[in-house]
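Numbering (numbering that gives the first Met the number 0), first residue to last: 0 to 291. C-beta atoms are modelled at their ideal positions from N, C-alpha and C, and glycine is treated no differently. Source: prediction; values computed, not measured. What follows is a set of notes on a single structure, which appears directly below.
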Amino acid sequence: MTQRDESSAPLPRLAPRSPDSHKGDFGRALLIGGSQGMAGAIALASLSTLRSGAGLVKLATPSACQPTAAGFEPSLMSVPLPCDADGRIAKTALPLLTDLIAESTVVALGPGLGRSQQLVEVVGQLYRETKLPMVVDADALFALAQQPEVLGAAGGPRVLTPHPGEFARLTGLDTIAPDDRKKLATEFASTNDLVLVLKGHRTVVADPKRFALNTTGNPGMATGGTGDVLTGIITALICQHLTPYDAARLGVHVHGLAGDLAASELGEVSMIAHDLIDFLPTAWQLATSLET
C-alpha cells in the first residue's frame with residue numbers, strides 16, 4: 000500500500016477551549032522514565048507536556064531520582080517507583096505502573112529510562128498490555144529493539160519517535176541513508192501499524208495511510224534533551240483529543256518552530272533543550288494564529 004503525501008496539507012488543529020473548561024477536559028498524562036543521573040530527561044518531557052496544554056501531568060520515576068525530577072516544576076505530580084541498585088525502574092514497579100496507567104489518558108515511556116534486562120521486560124509488558132495511546136522514545140526504543148516481536152503486538156495506539164540511530168537499531172539496519180528515510184519510515188509504520196516520527200532534518204511523520212515531511216527546525220536543536228521535549232508535546236496533544244498521527248504532525252511542527260524562535264534570539268550554537276520549552280508559549284501562539 001502506498002501512503003499519500005500530506006506534507007502540503009493544512010496542519011491539524013486543536014479545538015478551541017470552552018470558557019467553562021476544567022483541567023480534566025485536557026487529559027491526564029503519565030510519563031514513565033528517568034533513572035539515577037538522568038532525571039533531567041523525564042523532567043524535560045514532563046515540562047513540555049505541561050507547556051503544550053495537558054490538564055494534569057504526572058511523572059513516574061525511580062525513587063532514587065524522584066525528588067530531583069519533581070523539583071523542576073511545582074505543577075508536576077510525581078510518584079516514586081521501586082528501583083534497582085543502579086537507580087533504574089525495577090520490574091517490581093509493574094503493578095504500581097498498571098494502577099497509574101488505569102488513571103491516565105495517555106502514557107509516554109522512555110526519556111532517561113536507562114538500560115537493563117529488567118527494563119526490557121517492563122517495556123515489553125507495558126507495550127503489549129497498555130490499551131491507552133503511548134508515545135515511546137529513547138531507552139524504551141532500545142528495549143523494544145531487543146524484542147522486535149513485540150512491535151506488532153501493541154495493546155493500543157503507538158507513536159514511536161526514534162532518531163536515525165535508534166531507527167537503525169529497531170530495523171536491524173547498519174545505517175539510515177538520508178535519501179531512504181521516507182521510504183523506510185512509511186514501510187515501518189505500515190508493517191507495524193503505528194505512527195512513526197523519524198527525527199532529523201525534515202522529520203518524517205508516517206502512519207499506515209499517509210506521511211508528511213516537516214519543514215521547521217534547525218541544527219541548533221541537535222543537542223541532548225530536545226527529543227524529550229518532543230515526546231512531551233506529542234503526549235499533550237493526544238491528551239487534548241488529537242489522533243496520534245495528527246498529534247505527531249502538529250507536535251513536530253511546533254517543536255521545530257520553538258527551536259527556530261530560540262535560534263533567532265540565542266543563536267544555534269548556544270541552544271539547549273530547555274530553551275525550546277521557554278519558547279513553546281510563543282510557538283503555540285503563532286501556531287494558533289495560523290489556525291484562525
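As computed with DSSP, residue 133 is found in a beta bridge with 106, 157.
Proximity of the stretch 34-49 to the stretch 227-240 meets the contact definition, three or more beta-carbon pairs being nearer than 8 Å. Selection 220, 192, 177, 224 evaluated against residue 203 yields 177 as nearest (Cα-Cα). A buried status is given to residue 39, since no fewer than 16 other beta-carbon atoms sit within 10 Å of its beta-carbon. When beta bridges are read from the DSSP output, residue 82 appears opposite 88. The beta strand (DSSP E) runs of length 3 or more contained entirely in the stretch 10-58 are, from start to end of the chain, 27-31.
Distances from the CA of residue 144 to each of 285, 116, 107, 229 were compared; the closest alpha carbon is that of 116.
In this structure residue 16 is exposed. Its beta-carbon is surrounded by fewer than 16 other beta-carbon atoms within 10 angstroms. Beta-bridge annotation (DSSP): residue 168 is not paired with any residue. In the three-state DSSP reduction, residue 278 falls in the helix class (H, G or I).
For the pair residue 180 and residue 244, the Cα-to-Cα distance works out to about 18 Å. Under the three-state reduction of DSSP, residue 203 is assigned to strand.
Counting along the chain, residue 75 sits inside no beta strand (DSSP E), nor does DSSP assign it H or E at all. C-alpha of residue 161 to C-alpha of residue 137: approximately 7 Å in a straight line.
Look at residue 268 here: in three-state DSSP terms it is coil, with no helix or strand label.
Sixteen is the threshold: since fewer than 16 other Cβ atoms of the shown chains lie within 10 Å of the Cβ of residue 284, the residue is exposed.
For residue 223 and residue 130, the gap between their C-alpha atoms comes out near 30 Å.
By the CB criterion at 7 Å, residue 37 and residue 57 fall outside the cutoff. Nearest neighbour of residue 229 by Cα position, chosen from 152, 246, 63, 214, turns out to be 246.
For residue 96 against residue 125, the beta-carbon gap comes to about 7 Å, under 8 Å, which counts as contact. Contact between residue 103 and residue 61 is ruled out by a C-beta separation of about 19 Å, above the 8 Å threshold.
Rounded to whole angstroms, the separation of the alpha carbons of residue 107 and residue 135 is 6 Å.
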